[in-house]
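For the record, the sequence lines run as chains A and B.
Just so you know, we're using the numbering used here here: the first sequence kicks off at 754 and counts up by one.
Just so you know, we're using the numbering used here here: the second sequence kicks off at -2 and counts up by one.
A virtual CB, placed ideally from N, CA and C, is assigned to each residue, including glycine.
The structure displayed is predicted, hence computed values, not measured ones.
These notes are about the structure you will find just below.
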Amino acid sequence: MPEITYREAIRDAMVTEMRRDDTVFLMGEDIGTYGGAFGVSAGMLDEFGPERILETPISELAIVGAATGAAMVGMKPIAELMFMDFILLALEPLMNQAAKARYMFGGKATVPMVIRMAGGSGTGAAAQHSQSLENILMTIPGIKVVAPSNPHDAKGLLISAIRDPNPVCFIEHKLLYKVKGEVPEDEYTIPLGSAEVKREGTDLTVVTSGIMVSKTMRVAEKLAAEGISIEVIDPRTLRPLDTATINASVKKTGKLLVVHEATKIGGWAGEVFAAVSESDAFDYLDAPMRRLAGKDCPIPYNRLLEAAAVPQEADIETEIRAIISNAY
Amino acid sequence: MENWKKEEFDYYETIDVHQKGEELGLSDERMIEMYRTMLKIRFFEEMADKLYALGKVHGTMHLSAGQEGVAVGTGFAVKRSDFMLNHHRGHGHFIASGADLGKMMAEFLGKDTGYCRGRGGSMHIADVTANNLGANGIVGGSLQLAAGVGIAIKHRKTDQLVLTLFGDGAANEGIFHESLNMARIWNLPVLYLCENNQYGMSANVNRVSAKTPFRDRAAAYDIPYILADGNDVLGMYEHTKKAVESIRSGNGPYFIEASTYRYFGHSKSDRNLYRTKDEIEYWKTVKDPIDRMEGLLLKADILTVEAVKQIHEETVQEIDAAVKFAEEAPEPDAKDVMEWVYA
Chain A
754 MPEITYREAI RDAMVTEMRR DDTVFLMGED IGTYGGAFGV SAGMLDEFGP
804 ERILETPISE LAIVGAATGA AMVGMKPIAE LMFMDFILLA LEPLMNQAAK
854 ARYMFGGKAT VPMVIRMAGG SGTGAAAQHS QSLENILMTI PGIKVVAPSN
904 PHDAKGLLIS AIRDPNPVCF IEHKLLYKVK GEVPEDEYTI PLGSAEVKRE
954 GTDLTVVTSG IMVSKTMRVA EKLAAEGISI EVIDPRTLRP LDTATINASV
1004 KKTGKLLVVH EATKIGGWAG EVFAAVSESD AFDYLDAPMR RLAGKDCPIP
1054 YNRLLEAAAV PQEADIETEI RAIISNAY
Chain B
-2 MENWKKEEFD YYETIDVHQK GEELGLSDER MIEMYRTMLK IRFFEEMADK
48 LYALGKVHGT MHLSAGQEGV AVGTGFAVKR SDFMLNHHRG HGHFIASGAD
98 LGKMMAEFLG KDTGYCRGRG GSMHIADVTA NNLGANGIVG GSLQLAAGVG
148 IAIKHRKTDQ LVLTLFGDGA ANEGIFHESL NMARIWNLPV LYLCENNQYG
198 MSANVNRVSA KTPFRDRAAA YDIPYILADG NDVLGMYEHT KKAVESIRSG
248 NGPYFIEAST YRYFGHSKSD RNLYRTKDEI EYWKTVKDPI DRMEGLLLKA
298 DILTVEAVKQ IHEETVQEID AAVKFAEEAP EPDAKDVMEW VYA
């Protein structure tokens, strides 16, 4: 199987769907000759031309609004937002229009669109270009939220997202763009709403997403050498959240840690805890459920401060050791 | 105000409706239909207001009485195959586009047979399968979606357009500028129809807008513009027809600003503290679009007094039938509250 980067896997998914389905098109800022701010759409203009690689003005509100309008009348737009932070300029069409059209109009409208956005910190881009805003996006009924952690998932999830008849927010972590992984050349889909057990274990369940998955996996490998057995679950889709897989794992391990880069207050770890608490998995817990999340501050510029603002491998390791040793 | 009044009357004295109809390609029957549709909108809304007072309509409502000339003049000049993005005061536009009054009234009453199965209410009437992409509760909501519908039309290479309705209030939303810019740079088939009824809720358009009318805003985006008298239904038809022809010829977006007036308050909480009774009375007596059209048709012997009476009676019956349909319709089942959140 060929190894390609996360960036290439995303492009591969878009190209696959655009070749297959004439109603799929990409719109966004600098996605043509420039190839997108992160190079995701490089070369696509040559194959599909300017009508299907539609370069927009810097008008995020109108980009997401136009994607919604086009989707309502049968197109399947993929809108690229250069940085996830910019979705804040376009929450209105996303949350008041796209998310509600189907329900509000009595089940007659469908809004099959994907909003791709680069999220996360670690590039020194500071407070307005480094956020992980999935907590906000997850709260609105009518929207799905997907966050792939590796190239293989990125391709399969994006193809599913494009084919999905609902508005899907597709969160790409900037630090993953260069990461390589095995990706089949053929088309394949990964159903939205299905978590993956990335690593089986018996002592503690870690639920984590995006860039935090690879960090957690490295910690788990290290601890395995000491005989500590960690189960790692990547929900892949944050809404709908695959609580069945999470609950089953908690029943097995009796301990739960949720790790996310998004800020802690109002963070989605709380939803995972609620799902466990509301199910019979709660009875199997033999330690308090814990979370490691982004600190409740804006992402700072300075390298040391930036690293301190979000969970690092050492933090994950410390937290796991504390839970395992019944420190709480 | 008295001078205006005289000018208005003088202008209307000069119109020869036979000649005008011929110029515009409107038969007598078609003009009678326009008159009848305006009346239908007026009576429908008056009935809705009555049902609200009786506690049968839940929530709020934004009535458009007084603005029928815009809805009908424009609605009759576009095709059913064209798309429509509506604003929150859009009952008239839906009726002018041929909406079923029973299904509309049922939606007002929150019934399961309403256009939105009782999920939307008066502010969100839509019939997506008939290209009515919905009334929007967000000021400027139609402007958000317009460019996208235009992109889809262009992609499919049909001769459709998207009638994008918004008020003077929406012209001060940021999306107004983003949308017009996009429509121009991509030459999209968007007909921007700014229904300027003088007030965004209580805010007079001249007080909250740096420059009125909005001619220069359209010019800033190199979009052709017409300032129209929205209470002159034939004039609205004429201007819209011109705009539609331009768009269908591939010239891209067009902007019509229709000057008009709403008789009722903004919504059900409005006590009309921001405008005078005289002002309201002026529009009602001098500029009423239905009275004007009725006068023209009577003067030209296209309608007789008896025929007018008959149209009134038939319209009342039609509205009554819609109310009956709505009242007899079932409520949605509460167990279906989660239906249609996702497709």
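Below 9 angstroms between beta carbons is the criterion; list the residues of the segment 800 to 826 of chain A that meet it against any residue of chain D, in chain order. The structure shown contains no chain D; the protein chains it does contain are A and B.
Which chain B residues are close to A:TYR856, counting only those with a beta carbon under 7 angstroms from its beta carbon? Along the first sequence, read from residue 1 onward, the residue named residue 856 of chain A stands at position 103. In chain order: ARG116, TRP337 and VAL338.
Between B:ALA123 and A:LYS853, which are expected to be in contact by the criterion C-beta below 8 angstroms, what is the C-beta distance as a whole number of angstroms? Your numbering for residue 123 of chain B matches position 126 in the second sequence. Your numbering for residue 853 of chain A matches position 100 in the first sequence. Not a contact, Cβ separation roughly 11 angstroms.
With a threshold of 16 other CB atoms inside 10 Å of the CB of B:MET(-2), please say whether the residue is buried or exposed. Translated into the one-based positions of the second sequence, residue -2 of chain B becomes position 1. With a pLDDT of 41 at B:MET(-2), under the threshold of 50, the modelled position of this residue cannot be trusted, and the question is left open.
Enumerate in chain order the residues of its own chain whose CB-to-CB distance from B:TRP1 is below 6 angstroms, with the five nearest sequence positions on each side excluded. If you number the second sequence from 1, residue 1 of chain B lands on position 4. Model confidence at B:TRP1 stands at a pLDDT of 49, short of 50, so the residue's coordinates are unreliable; what they give is reported in the following sentence. Cβ neighbours of B:TRP1 beyond the five flanking positions: none.
First through last residue of the beta strand (DSSP E) which encompasses A:THR961: Translated into positions along the first sequence, residue 961 of chain A becomes position 208. Residues 957 to 961.
Do you know whose CA, among B:PRO327, B:ARG86, B:LYS151 and B:THR155, lies nearest B:ALA167's CA? Taking the first residue of the second sequence as 1, we reach residue 167 of chain B at position 170. Among B:PRO327, B:ARG86, B:LYS151 and B:THR155, the Cα nearest to that of B:ALA167 is on B:ARG86.
So, do the segment 875 to 890 of chain A and the segment 136 to 153 of chain B have three or more beta carbon pairs nearer to each other than 8 angstroms? no
Pick helix, strand or coil for A:VAL985, following the three-state DSSP scheme. Residue mapping note: residue 985 of chain A aligns to position 232 of the first sequence, counting from 1. Reduced to three states, the DSSP call for A:VAL985 is strand.
Determine, using beta carbons only, whether A:PHE778 and A:ARG760 come nearer to each other than 7 angstroms. Taking the first sequence and counting its residues from 1, the one referred to as residue 778 of chain A is at position 25. Taking the first sequence and counting its residues from 1, the one referred to as residue 760 of chain A is at position 7. No, these two residues do not count as a Cβ contact at 7 angstroms.
Does the Cβ of A:CYS922 have 16 or more other Cβ atoms within 10 Å, making it buried, or fewer, making it exposed? As a working note, residue 922 of chain A is residue 169 in the first sequence. Classification for A:CYS922: buried.
Note down, in chain order, every chain A residue with its Cβ under 9 angstroms from the Cβ of B:ILE92. On the second sequence, residue 92 of chain B is found 95 positions in, with the first residue counted as 1. Those do not exist, as B:ILE92 stays about 18 angstroms from chain A at its closest Cβ, beyond 9 angstroms.
Would you mind telling me which residues of chain B sit closer than 8 angstroms to A:PRO846, beta carbon to beta carbon, in chain order? Looking up residue 846 of chain A in the first sequence gives position 93. Result: GLN141 and LEU142.
DSSP on B:SER78, reduced to helix/strand/coil? Taking the first residue of the second sequence as position 1, residue 78 of chain B is located at position 81. Residue state, collapsed to three classes: coil.
Residues that B:GLU175 contacts on chain A, provided the C-beta gap is smaller than 7 angstroms: On the second sequence, residue 175 of chain B is found 178 positions in, with the first residue counted as 1. The contacting residues are SER812, LEU814 and ALA815.
Relative to the C-alpha of A:PRO937, which candidate in A:VAL1063, A:GLY946, A:ASN903 and A:ASP774 has its C-alpha closest? Residue 937 of chain A sits at position 184 when you count from the first residue of the first sequence. Ranking the options by Cα distance to A:PRO937, first place goes to A:ASN903.
For B:ILE12, name the three-state secondary structure that DSSP assigns. The count along the second sequence starts at 1 and reaches residue 12 of chain B at position 15. Reduced to three states, the DSSP call for B:ILE12 is coil.
Below 7 angstroms CB to CB, which residues in the same chain sit around A:GLN884 once its five sequence neighbours on both sides are set aside? Position 131 of the first sequence holds residue 884 of chain A. These residues qualify, in order along the chain: MET837, ASP838, GLY872 and ILE1052.
What is the DSSP secondary structure of A:ILE868, counted as helix, strand or coil? Within the first sequence, numbered from 1, the residue matching residue 868 of chain A stands at position 115. Three-state DSSP puts A:ILE868 in a strand.
Own chain, CB closer than 7 angstroms to A:GLU845, minus 5 neighbours either side, in chain order: The residue labelled residue 845 of chain A in the question sits at position 92 within the first sequence. Taken in chain order, the residues that qualify are LEU814.
Local Cβ density within 10 Å of A:ALA1015, reported as buried at 16 or more and exposed below that: One-based indexing of the first sequence puts residue 1015 of chain A at position 262. By the 10 Å Cβ count, A:ALA1015 comes out buried.
Between the beta-carbon of B:GLN195 and the beta-carbon of B:VAL205, is there less than 7 angstroms? Looking up residue 195 of chain B in the second sequence gives position 198. Looking up residue 205 of chain B in the second sequence gives position 208. Result no, Cβ atoms of B:GLN195 and B:VAL205 do not sit closer than 7 angstroms.
Per DSSP, B:ALA225 is paired with what? The residue given as residue 225 of chain B occupies position 228 in the second sequence. Beta-bridge pairing links B:ALA225 to B:ALA255.
Which residues in chain B have a C-beta closer than 8 angstroms to the C-beta of A:THR863? List them in chain order. The residue given as residue 863 of chain A occupies position 110 in the first sequence. Those within 8 angstroms of A:THR863 in chain B are ALA340.
Look at the alpha carbon of A:GLU940 and the alpha carbon of A:ALA766, and state the distance between them as a whole number of angstroms. Reading the first sequence from its first residue, position 187 is the one you call residue 940 of chain A. Reading the first sequence from its first residue, position 13 is the one you call residue 766 of chain A. If I take the Cα positions, the gap works out to 8 angstroms.
Put B:ASN248 into one of helix, strand or coil per three-state DSSP. One-based indexing of the second sequence puts residue 248 of chain B at position 251. Three-state result, B:ASN248: helix.
Got a sec? Which residues, its chain only, sit under 7 angstroms from A:TYR930 by beta carbon, not counting five neighbours each side? Taking the first sequence and counting its residues from 1, one reaches residue 930 of chain A at position 177. These residues qualify, in order along the chain: THR758, TYR759, ARG760 and PHE791.
What separation, rounded to the nearest whole angstrom, lies between the Cα atoms of B:GLY95 and B:HIS88? As a first step, residue 95 of chain B must be located in the second sequence, where it is residue number 98. As a first step, residue 88 of chain B must be located in the second sequence, where it is residue number 91. Computed Cα separation, rounded: 11 angstroms.
Would B:HIS121 pass as a contact of B:ALA132 if the rule is Cβ separation under 7 angstroms? In the second sequence, residue 121 of chain B corresponds to position 124, counting from 1. In the second sequence, residue 132 of chain B corresponds to position 135, counting from 1. In contact: B:HIS121 and B:ALA132 (Cβ atoms closer than 7 angstroms).
Span of the beta strand (DSSP E), counted from its first residue to its last, around B:VAL305: As a first step, residue 305 of chain B is located in the second sequence; it is residue number 308 there, counting from the start. Premise fails: B:VAL305 lies in the alpha helix (DSSP H), 302 to 325, not in any beta strand (DSSP E).
Quick one: using the 10 Å Cβ neighbour count with 16 as the cut-off for buried, is A:LYS951 buried or exposed? Residue 951 of chain A sits at position 198 when you count from the first residue of the first sequence. Looking at its Cβ environment, which holds 16 or more other Cβ atoms inside 10 Å, A:LYS951 is buried.
Under 7 angstroms, do B:LEU188 and B:LEU162 count as touching if we go by C-beta distance? Position 191 of the second sequence, counting from 1, holds the residue named residue 188 of chain B. Position 165 of the second sequence, counting from 1, holds the residue named residue 162 of chain B. For B:LEU188 and B:LEU162, no; Cβs fall outside 7 angstroms.
What residue ranges within the segment 907 to 946 of chain A form continuous beta strand (DSSP E) runs of no fewer than 3 residues, ordered along the chain? 921 to 926 and 933 to 935
How would you label A:ILE1018, buried or exposed, when you count the other beta carbons within 10 angstroms and need 16 or more for buried? Along the first sequence, one-based indexing puts residue 1018 of chain A at 265. Classification for A:ILE1018: exposed.
Check whether A:ASN919 and B:TYR339 have beta carbons under 7 angstroms apart: In the first sequence, residue 919 of chain A corresponds to position 166, counting from 1. In the second sequence, residue 339 of chain B corresponds to position 342, counting from 1. It is a contact, given that the beta carbons lie within the stated cut-off.
Can you name the residues of chain B whose CB is closer than 7 angstroms to the CB of A:GLY785? Against the first sequence, residue 785 of chain A aligns to sequence position 32. The premise fails here: A:GLY785 is roughly 14 angstroms from chain B at the closest Cβ pair, so nothing lies under 7 angstroms.
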